[in-house]
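Protein chains: 2
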Amino acid sequence: MTSGRAVRGRRPGAPDTRAEVLAAARESFAGKGFRGTTIRAVASAAGVDPALVHHYFGTKDDLFLAALELPVDPREVLAPVVAAGPDGAGERFLRAFLAVWDDPDLQVRLLAVVRSVLAEGGGSLLKEGFIPVVVGPVLAQLVADRPEVRVPLVASQVVGLIVTRYVVGLPAMAAMPADDLVARMAPVLQHYLTGDLP
Amino acid sequence: MTSGRAVRGRRPGAPDTRAEVLAAARESFAGKGFRGTTIRAVASAAGVDPALVHHYFGTKDDLFLAALELPVDPREVLAPVVAAGPDGAGERFLRAFLAVWDDPDLQVRLLAVVRSVLAEGGGSLLKEGFIPVVVGPVLAQLVADRPEVRVPLVASQVVGLIVTRYVVGLPAMAAMPADDLVARMAPVLQHYLTGDLP
């Protein structure tokens, strides 16, 4: 299999096909949302065969993640959280989340993504793409029942954490030591994941 | 006492002093943040005496609320929640919040405020002004101890609720009946307000 990097290396001066596909994908996801974007249309916009898009990026989910330019793959971060089962998952989830978001280098890059997603028109990427496609299926493996209720409730607390601790930086939230935050907020996430919800 | 409305009524064609003060206040709060804004500087920018600013708008907190153009005064909405004491305050708070935010007319106007506050540079208004000055002192009356920890945690869940139910509109959050939302989220707010937090 030939990687995008190898193609660039072997054809100096040739158009960077991989970058063109990625640019077409970004434009489509931003303009038409996640559901309105197809691998076929992205390939067409980039002037390549759909098979090449699959070759470079895998599935539409993978292409979406690549277009977001996240510095980490949330599916990889969450895999060990899921693997250990529902007991204590609220705490493990929050610790995994903070290990990524409290890292200064990662935080800068994640904030850039969040700000662009929160900007006008970016809501559909969060609504149609990031939560249902990327985070939802992983979190859904943690819950015993009704993921369609529990996952959005988890999202409501995690989004609020991102906005108050990182985007806006409420002093008390930004300065709260990770251990204190885990002790105070993990029970909330556990409640949403496995608690007795009506 | 002469109200701004009466002044406008009696002097047709005269500059609308009240509107000029409000415009100067908005520019100052947006540009210099809440702490960087003084009644004296707003008065100076509007070319009036500081006493007139106090006459029209009251305190700096009141001027800030007027500049935000909220369709409701959160202090009035929260007063009965506070008056009934800490027991069950999580549920009463959430019901009062939803009564305002789920009203279609109010929601449109509140979303306009939130979008402008979340936009670039508006974070300081939320961080320095809205939460510590407007909502914080009211919520602080609900908690038995450590408002400096509990109020920001409440804010983290409420901000997440606003973003996921109204700003982004995650389908499951936007469609959740108020009674279901209260049953699921009120225990979280109660935990933050009065629970045994480390």
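As you go down the protein sequences, you meet chains A and B in turn.
Counting in UniProt numbering, the first sequence runs from 1 upward without gaps.
Counting in UniProt numbering, the second sequence runs from 1 upward without gaps.
All residues carry an ideal CB built from backbone N, CA and C; glycine is no exception.
Asked: Proximal residues to A175 of chain B (C-beta, below 7 Å), its chain only, five neighbours per side dropped; Found: none
Asked: A41 of chain A to E20 of chain A span [Cα, whole Å]; Found: 13 Å
Asked: The segment 26-41 of chain B in contact with the segment 128-135 of chain B per 3-pair CB rule at 8 Å; Found: yes
Asked: Three-state secondary structure (DSSP) of R35 of chain B; Found: coil
Asked: Three-way DSSP call (helix, strand, coil) for E69 of chain A in this model; Found: coil
Asked: Sub-8 Å separation of A84 of chain B and R92 of chain B beta-carbons; Found: yes
Asked: Residue interval of the alpha helix (DSSP H) (run including P171 of chain A); Found: 171-175
Asked: Chain B within 8 Å of S116 of chain A, Cβ atoms only; Found: no
Asked: Under 8 Å from the C-beta of Q157 of chain A: neighbouring residues of chain B; Found: S156, Q157, G160, V188
Asked: Residue from B:D180, B:L197, B:L193, B:T194 whose Cα sits closest to the Cα of Y192 of chain A; Found: B:D180
Asked: Neighbour flag for A43 of chain A against chain B, beta carbons, 8 Å; Found: no
Asked: Proximity to T194 of chain B [Cα-Cα], best of B:P71, B:E69, B:T37, B:A89; Found: B:A89
Asked: Rounded distance between the beta-carbons of R75 of chain A and V138 of chain A, thought under 8 Å; Found: 6 Å
Asked: Beta-carbon proximity list for E69 of chain A, same chain, < 7 Å, skipping 5 on both sides; Found: V113
Asked: T164 of chain A: contacting residues in chain B (beta-carbon distance under 7 Å); Found: P152, A155, S156, V159
Asked: Closer than 8 Å to chain B by CB, V149 of chain A; Found: yes
Asked: 8 Å Cβ cutoff met for L111 of chain B and V182 of chain B; Found: no
Asked: Host alpha helix (DSSP H) of D180 of chain B (start-end); Found: 178-194
Asked: R109 of chain B, buried or exposed, once every other Cβ within 10 Å from all chains shown has been counted against 16; Found: exposed
Asked: Per-residue burial, R146 of chain A [other beta carbons within 10 Å of its own, 16 or more giving buried]; Found: exposed
Asked: 8 Å Cβ cutoff, K32 of chain A in contact with chain C; Found: Among the protein chains in the structure shown, which are A and B, there is no chain C.
Asked: Backbone secondary structure at A79 of chain B - three-state DSSP; Found: helix
Asked: Residues in the segment 72-101 of chain B having any Cβ partner in chain A nearer than 9 Å; Found: none
Asked: Which listed residue (B:L153, B:V133, B:L52, B:S156) has its alpha carbon closest to that of L65 of chain B; Found: B:V133
Asked: Span separating the alpha-carbon of V163 of chain A from that of S156 of chain B; Found: 8 Å
Asked: Within-8 Å CB hit, A46 of chain A to chain B; Found: no
Asked: Residue 209 of chain A, DSSP secondary structure in three states; Found: The question about residue 209 of chain A has no answer here: the residues shown for chain A are numbered 1 through 198.
Asked: Within-8 Å CB hit, L110 of chain B to chain A; Found: no
Asked: Sequence-distant residues of its chain with Cβ nearer than 6 Å to G4 of chain B (five each side left out); Found: Low confidence applies here, because G4 of chain B scores a pLDDT of 42, under 50, leaving its location unreliable; read the following figure in that light. Here the set comprises R18, Y56.
Asked: Neighbourhood of A45 of chain A by C-beta, 6 Å cutoff - its chain only, sequence neighbours within 5 removed; Found: A24
Asked: CA-to-CA distance, E148 of chain B to G47 of chain A, given in whole angstroms; Found: 56 Å
Asked: Among B:P80, B:A79, B:V82, B:T37, nearest to D61 of chain B - alpha-carbon criterion; Found: B:T37
Asked: Interface partners of residue 206 of chain A on chain B, CB under 9 Å; Found: Absent from the model: residue 206 of chain A. The displayed extent of chain A is 1 to 198, so no value can be given.
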